[in-house]
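In the working numbering, the protein residues as written are 758 to 979. C-beta: ideal position from N, C-alpha, C; glycine also. A short worksheet on the structure shown next.
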């Protein structure tokens, strides 16, 4: 097996490449196809929307790459209120074109299930389709979680496939009650307390009481 390269902190100049990685991971997913049914437009639209959130994470979180740029992890630090991306409505409309209504519908669904407890949110874990893809995803996640544990806050992620859920579970996440996206895809929220923390905090969602906005999940972020 080829050695997995170390991780590096992404910079602003990496945002375009990372958005491409994220769009690639979503391109054949059920939610990606539902958001942009047109195969010819899907890559460009998903890349443009993903870039909005990658850039936002560089301001309000952390983004990591494997050193060979084959995988990226996009995190939001949600221990304080985070504003929406600058000019979000205009940028989203420009990025989505005729598909805007579906992205707005997805936003509304995600907003209804946002957590209010302080946490670090893994919005995207994207890996190029290549040999040892699963190993690279696992290595990148493990190294990121070392950093997140130092921040002493729980980590949160969402899985839309069994493989994703299994990956997170192997790294100490615990599954919570799922919810459905507009296309019918089930999202399985997963929560991981920091290493050494004795008890997991109670979870609350924003549809039960006012709270902080969370980040985007698999396709629209915070």
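- Between residue 908 and residue 868, the beta carbon gap of about 25 Å keeps them out of contact (Cβ cut-off 8 Å).
- Distances from the CA of residue 893 to each of 849, 821, 911 and 941 were compared; the closest alpha carbon is that of 821.
- In this structure, residue 792 lies near residue 859, with their beta-carbon atoms less than 8 Å apart.
- No residue range can be given for residue 784, since it is assigned to no beta strand (DSSP E) and is classified by DSSP as neither H nor E.
- By the neighbour-count criterion, in which a residue is buried when 16 or more other Cβ atoms sit within 10 angstroms of its Cβ, residue 828 is buried.
- Residue 895 and residue 873 have their C-alpha atoms some 27 Å from each other.
- Across the structure, residue 774 and residue 825 are spaced so that their CA atoms are roughly 12 Å apart.
- Taking 8 Å as the upper bound for CB-CB distance, residue 912 and residue 882 are not in contact here, some 12 Å apart.
- In chain order, 928 place their CB closer than 7 Å to the CB of residue 899, counting only its own chain and leaving out the 5 sequence neighbours on each side.
- Taking C-beta atoms as the reference points, residue 834 and residue 818 count as a pair closer than 8 Å.
- DSSP places residue 845 within a helical segment (H, G or I) once states are collapsed to three.
- Taking C-beta atoms as the reference points, residue 809 and residue 842 count as a pair closer than 8 Å.
- Distance from the CA atom of residue 799 to the CA atom of residue 953, rounded to whole angstroms, is 43 Å.
- Of the residues 940, 763 and 803, the one whose Cα lies closest to the Cα of residue 777 is 803.
- By the neighbour-count criterion, in which 16 or more other beta carbons inside 10 Å mark a residue as buried, residue 769 falls on the exposed side.
- Considering only 779, 766 and 771, the residue with the shortest C-alpha distance to residue 886 is 779.
- Judged by DSSP in its simplified three-state form, residue 920 adopts helix.
- Membership of residue 764 in the beta strand (DSSP E) is indicated by the continuous run 764-766.
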